[in-house]
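Peer 1:
See the structure below:
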C-alpha cells in the first residue's frame, strides 16, 4: 500500500451508533446532489402513488426552521466562502441567491430590495469570532502556500488581520441601517490584501457565515492615499466617502453612487477606515494579539469601602514594611507557590483579625463563588473565602495584652481613655491597599490555609482580573495579560532552589555570658 | 423532525413537507445506505436506493396515525431494510437452503457477537482519531478514503482548491497513520 493510501473498509456495515456518528459528523451528499436526488425521489413517489403533477403541487405558506446536522454549519458557510467574491456586495448577492426553504425569499433575483439586506441585528463581539474554526480556516487561506484564493501577489506568509470594521446601508439621502457584518481586513506590511467577512445577518443554526476574498483591497489601498473614508453599501455594492463628500466606488463594475449622502451622515466610527487602520493588528499567525483587542477596564481593583461599624471611628493608616521570600509581582513565582488557582466572582469583602498571644494582625477576607479551578478541589458554585494581607483592625486587637503595659519600651503606657481606645482603629495598607471589585470575576492564586480559609499567594499580584478569556495582572509596569493555558503551565513549574526560603541554620554549641545584675552573670547555651 | 411536525407540514403542503424531510434526512439515509453498499454497489445503486427509501416513506407514511417522537427511527429502519435487500440481491453469496434440508441444523448465525464488538471498538477508536485531526483534515480523510470522492468533487463542498486538497489530505493521512500506529491499529 502506498504511504498515502488508507483503507477504511472497517467502517462498512457498522453498528447503528457508528452510522449515526458518521451521519452527524460528515457530509455524505453535496447540495447539488441533494436537489437532484430529491427530484428523483419525488418522481419515484409520484409514479408509485399514481399522482399527477397538478394534484400534488400546492402553495407553501410559511415554514419553520428545522434541525441540521453539525457538518451543515461548517460547510454551508464554507460553500458561501468560495462563492462570494465581494464584501458587502458579496453579502447582497448571497441574500439574492438564498434558497426558498427559509421562507424569506421567492428565489427570484429581481424582487431583491435593500430592506432584505438587513436581517438579524444580533451582533457577536468580534473578539469571540477570532476563536471560531471558520475564522481560522479563512485566515489560513491567505497564508497557505497553495494560495487557494488566488491572491494577486500572494500567498502572504505573514498576513495579519486588522481590527474589523462594518459598513452601513444607505439609500439616496439617508442611512437605512448598519450592516451586521464584520469585515476583517487582512493586511500585509500595512497594505490591505483581502477581507474575511463574518456575516451575522442570516445565521444558520445560530452560526454566522464566513466568506471573503481579495475583493476591493487593492482599490481600498489606492483610495486611502487621498485620506480616510467611511464605508457604505447600497444594493449595487460598496462605496467609500471622503470627508469632502466625494464618493468612490470600491467594488469593481458598480455604477457611480447617485444619491446625496454626506460624510457626516455615513461616518459612524465603526465604518471609518483611516490611513492607520491597517496597523491595528488583532490577529496574526501566532493567534490573537491580545494587547490590541482587549480594552483593559478603567479599574481592576478599587479602594476598600469602610465597613459600617467603623464609620465615625478614628482610623489611622499605616504601611508596614513587608519582606517576602520571592518577588510577588512575578506571576511565575505566584503560580509556582500556589496550590490552586481558583476562579470566581467576588461576593463580598470583609476585614478580620488573626489574634496572637501579643496582639493581632488584620487580613482581608474575599468571599468568592467559584466558577472554575485548576486543581479540581472545589466545584462550580462553591463558596470559598480567601485571605489576603492588609485590612482594618482595632487598637485593642492590635495590641492585645500589651495594650496597658508600661515601662521600658511602653514608657508611660497608652495614655488614652477607654473611649478613645475603643474609637481607635488602624488601616493596614499592603501594596496599593486596593481590593477586588465586588461582582467581578478574578483568578486567585491560593494555598490551603487554616479553618477552610484559603491564603492568597502573591497578594494583589496573585489576583488576576478575568476579562473574557484573558487574565489581567496589575503590576508596577502597568498590566500583563495571560491566557489560562499559560497560567496552568506556570503552575506546573518547579521552583528554582534559590527562590525558596532558606532555613538551613547549622546547630551551635556556643555559650554566652549574660550579666543580669551587677556582679552576677548567667551562662546561656545557644542551641 | 418529529412525527407530529411532519404530519402538520403534510397538512399544509405535502410537497413542502417531503422536501424538508428529504433535506433533513438525506445525509442520514445516504450514510446508512452507503455504509451497507459501499463495497458491492455502484454510486448509482446507492443513490437509487436513497431515492427509493424516501419514495417509500412518502408512500407509506400514515398521516392518520397519532405517533409521537422523532421520525428518524422510522426513516432509519426503512433505509436499513432497503439497503439490506439490495445488499442481498447484489452482493450476498449465501446459497439458499431448504428448511427440510439436514444442513439447516448445522447452519450458524452470520453474526459473531465477539468479533462485532471488537470491530465496533476499533471503529470508534479510528473515528476518534480522525476527529482528532481537526477540520478540515477529518472531512478530507472521510470524503477521500471513505466516500471515495475525488479532490475535484471534494472541492465542491470544502473551501479549498483540488490541489490544496491533495496536499492537505496527503499530510492528514500520514498523520493519521502515525496515530494509528501508536495505538497499534493497522488499516
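Chains as they are written, first to last, in the working numbering: chain R, 639 to 1165; chain P, 5 to 191. Every residue gets a Cβ at the ideal spot worked out from N, C-alpha and C, and that includes glycine. Keep in mind that this is a model prediction, so the values were computed, not measured.
(1) Scan the region 651–664 of chain R for residues whose Cβ lies nearer than 9 Å to a Cβ of chain P and list them as they occur along the chain.
(2) Within the 8 Å Cβ cut-off, does residue 196(P) reach chain R?
(3) Consult DSSP for residue 721(R) and reduce its assignment to one of helix, strand or coil.
(4) Judging by CA-CA distance, which residue of 801(R), 913(R), 771(R) is the nearest neighbour of residue 845(R)?
(5) Closer than 8 Å is the cut-off here; do at least three beta carbon pairs connect the region 172–183 of chain P with the region 130–141 of chain P?
(6) Starting from residue 996(R), trace the alpha helix (DSSP H) in both directions and tell me its first and last residue.
(7) Taking Cβ to Cβ, would you say residue 861(R) is nearer than 8 Å to residue 886(R)?
(8) Between residue 668(R) and chain P, is the shortest Cβ-Cβ distance under 8 Å, so that the two count as touching?
(9) Please list the residues of the region 7–18 of chain P that have a C-beta atom closer than 9 Å to any C-beta atom in chain R, keeping them in chain order.
(10) Quick check for students: name the residue ranges of the alpha helix (DSSP H) that lie wholly in the region 994–1061 of chain R, counting only runs of 4 or more.
(11) By DSSP, does residue 660(R) sit in helix, in strand, or in coil?
(12) Where DSSP assigns a beta bridge to residue 989(R), which residues make up the other side?
(13) At the 8 Å Cβ level, is residue 42(P) part of the contact set with chain R, yes or no?
(14) For residue 164(P), which of 793(R), 802(R), 797(R), 784(R) has the nearest alpha-carbon?
(15) Can you give me, in chain order, the residues of the region 29–54 of chain P that have a beta carbon less than 7 Å from any beta carbon in chain R?
(16) Using only CA atoms, which one of 662(R), 777(R), 827(R), 670(R) lies nearest to residue 160(P)?
(17) Roughly how many whole angstroms lie between the Cα atoms of residue 681(R) and residue 33(P)?
(18) Do the region 651–671 of chain R and the region 21–35 of chain P meet, that is, are 3 or more Cβ pairs less than 8 Å apart?
(19) Nearest to residue 663(R) by alpha carbon, out of 166(P), 134(P), 53(P), 173(P)?
(20) Just mark residue 86(P) as buried or exposed, buried being the case when its beta carbon has 16 or more other beta carbons within 10 Å.
(21) Compare the beta carbon distance of residue 904(R) and residue 803(R) with 8 Å and say whether it is the shorter of the two.
(22) Can you list, in chain order, the residues of its chain with a C-beta nearer than 7 Å to that of residue 91(P)? Leave out the 5 residues immediately preceding and following it.
(23) If you draw a straight line from the C-alpha of residue 151(P) to the C-alpha of residue 8(P), how long is it?
(24) Could you list which residues in chain P have their beta carbon closer than 7 Å to that of residue 784(R), in chain order?
(25) Identify the continuous alpha helix (DSSP H) that holds residue 185(P) and give its terminal residues.
(26) Measuring only between beta-carbons, confirm whether residue 648(R) sits less than 8 Å from chain P.
(27) Check residue 936(R) in the structure and name its three-state DSSP category.
(28) Return the first residue and the last residue of the beta strand (DSSP E) that residue 808(R) is part of.
(29) Can you look up residue 21(P) in the DSSP assignment and give me helix, strand or coil?
(30) Take residue 1112(R) as the anchor and find which of 679(R), 1099(R), 1027(R), 1106(R) has the nearest alpha-carbon.
(31) Report the residue from 800(R), 778(R), 805(R), 801(R) whose alpha carbon sits nearest the alpha carbon of residue 792(R).
(32) Closer than 7 Å, Cβ to any Cβ of chain R: which residues of the region 52–81 of chain P, in chain order?
(33) Compare the C-beta of residue 682(R) with all C-beta atoms of chain P and state if any pair is closer than 8 Å.
(34) Three or more C-beta pairs under 8 Å: does that hold for the region 968–981 of chain R against the region 1117–1133 of chain R?
(35) Report yes or no: do three or more beta-carbon pairs, one from the region 1075–1082 of chain R and one from the region 894–902 of chain R, lie closer than 8 Å?
(36) Please classify residue 18(P): is it buried, with 16 or more other beta-carbons within 10 angstroms of its beta-carbon, or exposed?
Peer 2: So, to answer that:
(1) 651, 652, 653, 654, 655, 656, 657, 658, 659, 660, 661, 662, 663, 664
(2) Within the shown structure, residues of chain P are numbered from 5 to 191, placing residue 196(P) beyond reach of any answer.
(3) Along the first chain, one-based indexing puts residue 721(R) at 83. Legend: pLDDT at residue 721(R) = 34, less than 50; position of this residue unreliable, value from coordinates given subsequently. Three-state result, residue 721(R): helix.
(4) Stepping through the first chain from its first residue, residue 845(R) is reached at position 207. The shortest C-alpha separation from residue 845(R) is found at 771(R).
(5) yes
(6) Here the question's residue 996(R) lines up with position 358 in the first chain. It is not in any alpha helix (DSSP H) - residue 996(R) carries neither H nor E in the DSSP assignment.
(7) Here residue 861(R) refers to the residue found at position 223 of the first chain. Here residue 886(R) refers to the residue found at position 248 of the first chain. Yes. Within cutoff.
(8) Position 30 of the first chain holds residue 668(R). Residue 668(R) counts as touching chain P.
(9) 9, 13, 16, 17, 18
(10) 1033–1037, 1056–1061
(11) Translated into the one-based positions of the first chain, residue 660(R) becomes position 22. Reduced to three states, the DSSP call for residue 660(R) is helix.
(12) As a first step, residue 989(R) is located in the first chain; it is residue number 351 there, counting from the start. Answer is 1002(R), bridged to residue 989(R).
(13) The sequence position of residue 42(P) within the second chain is 38, counting from 1. The beta-carbon of residue 42(P) is placed less than 8 Å from the nearest beta-carbon of chain R.
(14) Reading the second chain from its first residue, position 160 is the one you call residue 164(P). The candidate whose alpha carbon is nearest that of residue 164(P) is 784(R).
(15) 30, 31, 32, 34, 35, 36, 38, 39, 40, 42, 43, 51, 54
(16) In the second chain, the residue the question calls residue 160(P) occupies position 156. Taking only the C-alpha atoms, the option nearest residue 160(P) is 670(R).
(17) Translated into the one-based positions of the first chain, residue 681(R) becomes position 43. Translated into the one-based positions of the second chain, residue 33(P) becomes position 29. Each residue's Cα considered, the two are about 18 Å apart.
(18) Output reads yes: the region 21–35 of chain P touches the region 651–671 of chain R.
(19) In the first chain, residue 663(R) corresponds to position 25, counting from 1. When only C-alpha atoms are compared, the closest one is 134(P).
(20) Numbered from 1 along the second chain, position 82 holds the residue referred to as residue 86(P). Buried: at least 16 other Cβ atoms inside 10 Å.
(21) Locating residue 904(R) in the first chain gives position 266, where the first residue counts as 1. Locating residue 803(R) in the first chain gives position 165, where the first residue counts as 1. In this structure, residue 803(R) does not lie closer than 8 Å to residue 904(R) by Cβ.
(22) As a first step, residue 91(P) is located in the second chain; it is residue number 87 there, counting from the start. Hits under 7 Å: 40, 41, 44.
(23) Mapped onto the second chain, residue 151(P) falls at position 147. Mapped onto the second chain, residue 8(P) falls at position 4. Answer to the nearest angstrom: the Cα atoms are 34 Å apart.
(24) Counting from one through the first chain, the residue named residue 784(R) turns up at place 146. Result: 165, 167, 168, 171.
(25) Locating residue 185(P) in the second chain gives position 181, counting from the first residue. Looking at the DSSP string, the run of the alpha helix (DSSP H) that includes residue 185(P) is 166–186.
(26) Taking the first chain and counting its residues from 1, one reaches residue 648(R) at position 10. It does: the Cβ of residue 648(R) has a partner Cβ on chain P nearer than 8 Å.
(27) Residue mapping note: residue 936(R) aligns to position 298 of the first chain, counting from 1. For residue 936(R), the secondary structure class from DSSP, reduced to helix, strand or coil, is coil.
(28) The residue given as residue 808(R) occupies position 170 in the first chain. That run of the beta strand (DSSP E) goes 806–808.
(29) By 1-based counting over the second chain, the position of residue 21(P) is 17. In the structure shown, residue 21(P) sits in a helix (DSSP, three-state: H, G or I).
(30) Locating residue 1112(R) in the first chain gives position 474, where the first residue counts as 1. Among 679(R), 1099(R), 1027(R), 1106(R), the Cα nearest to that of residue 1112(R) belongs to 1099(R).
(31) For the purposes of this step, residue 792(R) is taken as residue 154 along the first chain, with counting starting at 1. Nearest of 800(R), 778(R), 805(R), 801(R) to residue 792(R), Cα basis: 778(R).
(32) 54, 55, 56, 58, 59, 62, 63
(33) As a working note, residue 682(R) is residue 44 in the first chain. Taking Cβ atoms only, chain P reaches closer than 8 Å to residue 682(R), which makes this a yes.
(34) When C-beta atoms of the region 968–981 of chain R are compared with those of the region 1117–1133 of chain R, three or more pairs fall below 8 Å, so the two segments count as touching.
(35) no
(36) Residue numbering aside, residue 18(P) sits at position 14 when the second chain is read from its first letter. Counting Cβ neighbours within 10 Å, residue 18(P) comes out buried, since at least 16 surround it.
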